[in-house]
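Encoded as structure tokens, the structure appears first; notes follow it.
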Amino acid sequence: TLYPYQSTGFNWLKHITGDNCGCILGDEMGLGKTLQVITLFQSRLSQKQAPYLVVAPVSLLENWNREIRKFAPEIKVLVHHGSERTGRYKDFLAYDVVVTSYSAAVNDNSILRMIEWDLLVLDEAQNIKNPAANRTNAVKSIPHRASIAVTGTPFENHITDIWSLLDFSMPGCLGTRREFEAMYSDDLLGAEKIEPILSALMIRRRVADVAKDLPERIVIPQALVMNDYEALKYEEYRQQLLDEYDSKNITL
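Residue numbers (the working numbering): 1 to 252.
So, in structure tokens, the structure goes:
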């Protein structure tokens, strides 16, 4: 069961990708971006013509695998990573979702390009903010009908971050990189100028924006038992503080 803001996000993703267009899901960390995408997978399952491809950092591959199996067990998922990964593109066709890493997207690019994927999802999509990086060019070369850039930190440093992510989500909507840089300055004025285009192609909610949709936070203090080494280091640190300050005025 989705929270109201997640349901809004899912319906927005469904609307955008329904026209084989792309977008940026830029919700703040912890708001369930993965779950919204999995819900989209589930909704498109009966109409899909090819598997969905998720490209993510290595540290998140198992998270995608676990979340899909937990929330949508009817979806068949394959983690394409490691020394024993397949070298045959036809093996992907037996699955609904293939989850792979950015490094594999570069190293196995020729295999991944043999399929026109129904959806191409980039998790932690700020990994392609550098338009000249190998991983950026590799993922952009993979054929797909619709695309979603998922990132909790969409744009941090330069306005070319925006161009690179939108060039993945909606190729050509901002022209070439040279045309973009000539039209939009790398400052606040340039950001304000591009905002009307960006806001139509990105949904971003902060925790403060959706707090009313979330249940009350439950804080449960949990005592931790230190091992012998940790207890020894803690006692050394405690004694150091007692020696440094007036022991009569502090409690440790």
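The C-beta atom is built at its ideal place from N, Cα and C for all residues, glycine as well.
Just to confirm before moving on: does the CB-CB distance between Ser101 and Pro57 stay below 8 Å?
It is a contact, given that the beta carbons lie within the stated cut-off.
Outcome for Ile128 when other beta-carbon atoms lying within 10 angstroms are tallied against a minimum of 16:
Flag for Ile128 reads buried.
My understanding is that Arg217 touches Asp27, with C-beta atoms under 8 Å, so please give their C-beta distance in whole angstroms.
That pair is no contact at about 18 Å.
Candidates Cys21, Trp12, Gly30 and Pro4: closest to Thr153 by CA position:
Of the listed residues, the one whose Cα sits closest to Thr153 is Gly30.
How many whole angstroms separate the CB atoms of Leu60 and His81, which I take to be in contact at a CB cut-off of 8 Å?
11 Å between Cβ atoms; not a contact.
Cutoff 6 Å; reference Trp17; Cβ partners in own chain excluding five residues on either side:
Note that residue 17 corresponds to Thr in the displayed sequence, not to Trp. Closer than 6 Å at the Cβ level, and outside the excluded window around Thr17, lie Ala146.
Return the bridge partner residues of Ala146 from the DSSP annotation.
Beta-bridge annotation (DSSP): Ala146 is paired with Leu119.
Reduced DSSP category for Ser164 - H, G, I as helix; E, B as strand; rest coil
In the structure shown, Ser164 adopts helical secondary structure according to DSSP, grouped into three states.
Could you check if Tyr52 is buried or exposed, using at least 16 other CB atoms within 10 Å of its CB as the buried criterion?
Note on Tyr52: 16 or more other CB atoms within 10 angstroms of its CB, so buried under the neighbour-count rule.
Is it buried or exposed, Ala132, if we count other Cβ atoms within 10 angstroms and call 16 or more buried?
Exposed.
Output the distance between the C-alpha atoms of Gln126 and Leu242, rounded to the nearest integer angstrom.
Cα-Cα distance, rounded: 46 Å.
Which whole-angstrom value describes the C-beta separation of Ala223 and Trp117, a residue pair presumed to lie in contact below a C-beta threshold of 8 Å?
48 Å between Cβ atoms; not a contact.
Can you list, in chain order, the residues of its chain with a C-beta nearer than 7 Å to that of Asp108? Leave out the 5 residues immediately preceding and following it.
Taking C-beta separations shorter than 7 Å and ignoring five residues to either side along the sequence, Asp108 has no partners in its chain.
Is it right to say Ser164 is buried, meaning 16 or more other beta carbons lie within 10 angstroms of its own, or is it exposed?
Around the beta-carbon of Ser164, 16 or more other beta-carbon atoms lie within 10 Å, marking it buried.
Within 8 Å, strictly: CB atoms of Tyr3 and Asp209
Their beta carbons are not under 8 Å apart, which means Tyr3 does not touch Asp209 by this criterion.
Whole angstroms are fine: how far does the CA of Thr160 sit from the CA of Gly172?
Spanning the two alpha carbons is a distance of roughly 14 Å.
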